[in-house]
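Everything on this sheet refers to the single structure shown next.
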């Protein structure tokens, strides 16, 4: 008997993160007797006076939004980090049993559209280009603050991902520290570059995926969207710039438009997969703003969606996955094939 990736259990190594994932494709046919989520009908109006992110409305924290007509950005009313936190620390990490340190930061909210009843998958290119422009300006402005060393841009879509408001929006958490996930990636990107005569890890990986095409979902002139070889979540997608941009500030005008285009196309394919408003967490990883050049950095987006078998059946990270290592049933190649089959015309608007 010869080994078959699509049939036999195996581990795949995530060279970007430096960890393994267990793949168990033979389990994909097991019957499901777990919880089935009910989908509430989406009857949101274009405007709701009770929507605290809506134009002209009062937010939960008491602030009032202006009558904005495209993107709107404001300081989060309930920030996870504050710029006024005084410096202090307890113990020495790695030496003392108990260690802690204060961290300063600034958290912002980006409303993508004044309309309550749209998502990224349904927005047009012009509107999404304004989102990319807003991200770029915030990355520059926040990154220029002397105490900000990292700017994390992300979107949580859907109640399943803990999103507290259905209004299309994302967040930006800028911090004094470089968080664990991007720090681990940067370490591995730098290691690869040092060991491969200055070649970039994600540059080489993009070239490999464009040759093999089995995990490719879609592409445009500036970006490739694929299910990574080491994917953990069932329909996880990695969007990587074809050129080794370090951050949004390296983009030319065409690349900014292409990023807006790719954002919509991935989100639209997701919605069309199970004919639902597909939940996900999306986050941008790019160069920190700590004053170093970070030649190892390569701009990319992670999409982490929880849905597994349908609009109502999701993957849970429990048991072995919490206590041992991540595990998945569907292979990356199978997931990519499913997503490639999906249209880029939204199911709610197709004839």
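Numbering (the numbering used here), first residue to last: 75 to 425. Where a beta carbon is used, it is the ideal one built from N, C-alpha and C, also for glycine.
Check, Outcome
"When you compare only the Cα positions, how much space is there between residue 227 and residue 359?", "8 Å"
"Take the Cβ of residue 415 as the centre, count every other Cβ of all protein chains shown within 10 Å, and call the residue buried at 16 or more, exposed below.", "exposed"
"Applying the 10 Å Cβ sphere with the 16-neighbour rule, what's the burial state of residue 134?", "exposed"
"Are residue 338 and residue 199 closer than 8 Å when you measure CB to CB?", "yes"
"Would you kindly work out how many angstroms separate the C-alpha atoms of residue 80 and residue 404, rounded to a whole number?", "9 Å"
"Provide the residue span of the beta strand (DSSP E) that contains residue 231, from first to last.", "224-231"
"Suppose contacts are defined by Cβ-Cβ distances below 8 Å. Is residue 340 in contact with residue 299 by that definition?", "yes"
"Does DSSP put residue 163 in a helix, in a strand, or in coil?", "strand"
"Starting from residue 295, trace the alpha helix (DSSP H) both ways and give me its first and last residue.", "Where residue 295 is concerned, there is no enclosing alpha helix (DSSP H), given that its DSSP letter is neither H nor E."
"Going by C-alpha to C-alpha distance, which of 349, 315 and 383 sits closest to residue 195?", "349"
"Relative to the C-alpha of residue 101, which candidate in 413, 420 and 383 has its C-alpha closest?", "383"
"Roughly how many angstroms separate the alpha carbons of residue 308 and residue 160, rounded to a whole number?", "42 Å"
"Identify, in the order they occur along the chain, each residue of the same chain with its Cβ nearer than 6 Å to the Cβ of residue 132, setting aside the five sequence neighbours on each side.", "138"
"Do you know how far the Cα of residue 91 is from the Cα of residue 256?", "9 Å"
"Name the residue from 285, 248, 290 and 327 whose alpha carbon lies nearest to the alpha carbon of residue 156.", "248"
"Can you pull the DSSP bridge partners for residue 147?", "184"
"Counting only the same chain and skipping the five closest in sequence on each side, list residues whose C-beta sits under 6 Å from that of residue 94.", "85, 87 and 399"
"By Cβ distance below 6 Å, which residues in the same chain neighbour residue 165 in space, the five residues on each side in sequence not counted?", "172 and 173"
"Which one of 244, 286 and 182 has the shortest CA to CA distance from residue 355?", "244"
"Helix or strand or just coil, what does DSSP make of residue 247?", "strand"
"Measuring straight from C-alpha to C-alpha, what distance separates residue 371 and residue 210?", "16 Å"
"Whole angstroms is fine: what's the gap from residue 189's alpha carbon to residue 293's?", "28 Å"
"State buried or exposed for residue 434, treating a residue as buried only when at least 16 other CB atoms are found within 10 Å of its CB.", "Residue coverage of the chain in this structure runs from 75 to 425, which leaves residue 434 outside it and unanswerable."
"Tell me the DSSP secondary structure of residue 274 in three-state form.", "coil"
"Between the C-alpha atoms of residue 239 and residue 185, what's the straight-line distance to the nearest angstrom?", "11 Å"
"Measuring only the C-alpha atoms, how far is residue 314 from residue 322?", "12 Å"
"Taking the CB atoms as reference points, tell me whether residue 231 and residue 119 lie closer together than 8 Å.", "no"
"Measuring alpha carbon to alpha carbon, tell me which residue in 201, 75 and 96 is nearest residue 397.", "96"
"Quick check: residue 301 and residue 409, are their CB atoms within less than 8 Å of each other?", "yes"
"Identify the continuous beta strand (DSSP E) that holds residue 377 and give its terminal residues.", "374-378"
"Rounding to the nearest angstrom, what Cα-Cα distance links residue 217 and residue 75 in this structure?", "55 Å"
"Since residue 193 and residue 351 are thought to touch, with beta carbons under 8 Å apart, how far apart are those beta carbons, to the nearest angstrom?", "6 Å"
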